[in-house]
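In my numbering, each residue's number is its place in the sequence shown (first place is 1) plus 1233.
Yeah, the Cβ is synthetic: ideal placement off N, Cα and C, and Gly gets one too.
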Amino acid sequence: MNRASNDSVGEGINAAAGSADVAAAAKPLASVADPVAKRRPGAFAVAARLLRIAVRGELWPILAGLALMLSGALVGLLQPWPLKFIVDALAGGTKPPPLLTHIASVLPQGAGPHGATLAYISVLCVGLLLISIVSAGINLLSTWVLVASGLRMVFKLRCRMFDHIQRLPVSFHDASTVGDSLYRVTWDTYSVQSLFNQGLVPGITATVTLVGIAFVMVRQDWSIGLVTLLVAIVLVVLIRRLEKPTTELSTAVHEHESSVSTRVQQTLVGIRAVQAFGREAFESDRFAQQASKSLSASLRLTVLQTAAQSGVAILFAFGTAAVVWLAARRVIAGQMSAGDVVLLAGYAAMLFKPLETLSYTANSIQGSVAGARRVFEILDRRSSVADATNARMLDHRPQGEVVLKKVSFGYRPGLPVLREIDLRMPPGSAIALVGPSGAGKTTLASLLVRFYDPLAGCITLDGGDIRGITLESLRHNIAIVPQEPVLFDASIGENILYSRPHASGADLEAAARSAGAWEFIQSLPQGFDTPVGERGVLLSGGQKQRISLARAFLKDAQIIVLDEPTTGLDAQTEADLLVSLRRLMAGRTTIIISHHFSTVRFVDQIIVLERGHVVQRGTHEALIKEPGLYQSLYRLQHGEPVAEAP
């Protein structure tokens, strides 16, 4: 189902979303919004692009964090050496390093023949402790710096995504679900932190650690170093083999999780209908079906990742066994000391963690790439409704002459909604669009605001094509009162000020008085500070409509669009609202879309639409006497007999 986006200028509505015109035409034309390029970039290209975007403004913190991280890794490589020297001291037969011997000599020597040895071992134990403390402290600091950078990257990417997605044309939002867009902005953007903090950073650390371990082992014995390199090569091959299935499963998890989010959002938005029809069990089943798909994909991904980690564990066992076996042979041959065996065994044990980290890092990167691709699907989408290169700003209040010249439009190929519409609205005039549902009334108004652009013909404002005017200045001069008022979960005052945030208190009060909302607002204990609830659920229909009308008064635009402004109101509320509407229309070019003849009878001209064509024009008094669609609709609404078609 379509979920409308908010008008970026401040009216906060989607005049086309949810209307009969859009429902009749289903999804929009491919030409209405530019499709995302179909060529799928590789995982490396996606990851590199994501990092290029994310690291802007974070270069120095990242470099500092990486320097600390590498320092911590290098210090950590010293840990097996004190153990080697301790074993050598206990076994005898090897000469200890002069520096350590000198340090031990200045310490108090214990009694007995082994006093000097114990002092030496004490120095080594203190050194082992210091190495662990320094390494842990550096790693803690580097982790804080790099994680903070990762979170700031998410923040900036989220803001960029939100800013971009709300500027995409209405056609995009008609074809998308709110749940999917919400998931992309709130969760897929975490791919940058996952890529950086769970992929790139630990990957660099693990690589440096592996290189250091391999270097020490090669220096100790080339054959043992060769075993280490062999294990690393097998790991690289394993990771490459798992890259494609991991990416595919990660993408499937993201897509299914997005669908779960969409299902929850749609059910909660329609909760009144769900409860009124007693469909809770049905919705629970639908949710469970969608969640089970996500569960299945997640389980398959978990099995694959667990298998990869098990493969790393087997590689570790093989490497450790080979290292210890080869080292033992060297000791027996008198080519190594017992301490060397401990040193190599220690490095073999250390080898497991970076190998495991690289395996996990590979999985994390693939998952990040899946989320990043969904982010770029949005960021790469360009709007077909955009400012022309030479678009001009409306730096003055327009007179308000609106002309449609041979305007045609359709949401899908071969299904036109409007066909060669010609219409002229003089400045300050009021016209009404009347016709059956799906005739194209709301679509015509949507073209004026440039939610869409015509497929043929043009619309002019004061003689100039509206496509030559910047979107911001065009929409700044148009105010919309929608059929279903769009109120945000804020106060009454904040909702009215949405059309002109910096208006004064006096202007706010004047707008509320003009809209007939002042009395009911003042009767509330908190006045303008009264919260309206999500979508205005704490207010009545008439109150919501008056707040929407006050928003239009405050905007003070020259062109007004009233889309079914009195729908769902009782007779007295409708009559009171019409008085306010006529005040708003005074001196402004106004388009009224309505099925209520009480709303349109005082306009200058009525345009009757049927199947995208203008079939009648005239005033209410003239059309009511003329046989045709308008007369038939009028009689149906007033319970009068309608002549049957021959």
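- Look at residue 1871 here: in three-state DSSP terms it is coil, with no helix or strand label.
- Rounded to whole angstroms, the separation of the alpha carbons of residue 1496 and residue 1523 is 8 Å.
- Taking 8 Å as the cut-off, the beta carbon of residue 1283 is found closer than this to the beta carbon of residue 1425.
- Residue pairing from DSSP places residue 1796 in a beta bridge opposite 1826.
- Straight across, the Cα-Cα distance linking residue 1579 with residue 1350 is about 22 Å.
- Look at the segment 1700-1745 and you find these whole runs of beta strand (DSSP E), each 3 residues long or longer: 1711-1714.
- As the crow flies, the alpha-carbon of residue 1714 is around 38 Å from that of residue 1423.
- Residues of the same chain with a CB within less than 6 Å of the CB of residue 1384, apart from the 5 flanking positions on each side, do not exist.
- Exposed is the label assigned to residue 1539, since fewer than 16 other Cβ atoms lie within 10 Å of its Cβ.
- Excluding five sequence positions before and after residue 1338, the CB atoms of its chain that fall closer than 8 Å to its own CB belong to 1349, 1352, given in chain order.
- By the C-beta density criterion, residue 1799 is buried, having at least 16 other C-beta atoms within 10 angstroms.
- Sequence-distant partners of residue 1457 (beyond 5 residues in either direction) whose C-beta falls short of 7 Å from its own C-beta, in its chain, are 1450, 1556, 1559, 1560, 1577.
- For a cut-off of 8 Å, the C-beta gap from residue 1763 to residue 1660 is around 38 Å, too long to register as a contact.
- In the structure shown, residue 1840 falls within a strand segment according to DSSP collapsed to helix, strand and coil.
- Short of 7 Å from the beta carbon of residue 1809, and not among the five residues preceding or following it, lie these beta carbons of its own chain, in chain order: 1749.
- Between the segment 1274-1293 and the segment 1536-1555 there are fewer than three inter-stretch CB-CB distances shorter than 8 Å, so the stretches are not counted as touching.
- Three or more Cβ pairs closer than 8 Å define a contact, and the segment 1520-1537 meets that threshold against the segment 1481-1492.
- For residue 1649, the uninterrupted beta strand (DSSP E) run begins and ends at 1648-1658, by DSSP.
- Between the alpha carbons of residue 1858 and residue 1831 lies a gap of roughly 16 Å.
- Residue pairing of residue 1692 in beta bridges, as defined by DSSP: 1637.
- Here residue 1322 has 1329, 1350, 1353, 1354 as same chain residues with Cβ atoms under 7 Å from its own Cβ, once five neighbours each way along the sequence are excluded.
- When the Cα atoms are used, residue 1627 and residue 1711 turn out to be separated by approximately 12 Å.
- Residue 1684 and residue 1699 have their C-alpha atoms roughly 12 Å apart.
- Under the three-pair Cβ rule at 8 Å, the segment 1618-1633 does not count as touching the segment 1288-1298.
- In this structure residue 1652 is not in contact with residue 1662, their Cβ atoms being roughly 23 Å apart against a cut-off of 8 Å.
- Beta-bridge analysis with DSSP links residue 1849 to 1841.
- If you check the CB distance, residue 1553 and residue 1581 come in under 8 Å.
- Exposed is the label assigned to residue 1369, since fewer than 16 other Cβ atoms lie within 10 Å of its Cβ.
- Note on geometry: alpha-carbon atoms of residue 1607 and residue 1847 lie some 43 Å from one another.
- A distance below 6 Å between beta-carbons, with the five flanking residues on each side excluded, links residue 1298 to the following residues of its chain, in chain order: 1375, 1378, 1379.
- With a cutoff of 8 Å on beta-carbon distance, residue 1760 and residue 1722 are scored as not near each other.
- For residue 1857, the three-state secondary structure derived from DSSP is coil.
- Here residue 1678 is buried. Its C-beta has 16 or more other C-beta atoms within 10 Å.
- The bridge partners DSSP lists for residue 1625 are 1702.
- Secondary structure of residue 1616 (DSSP, three-state): strand.
- In this structure, the beta-carbon distance from residue 1839 to residue 1853 falls below 8 Å.
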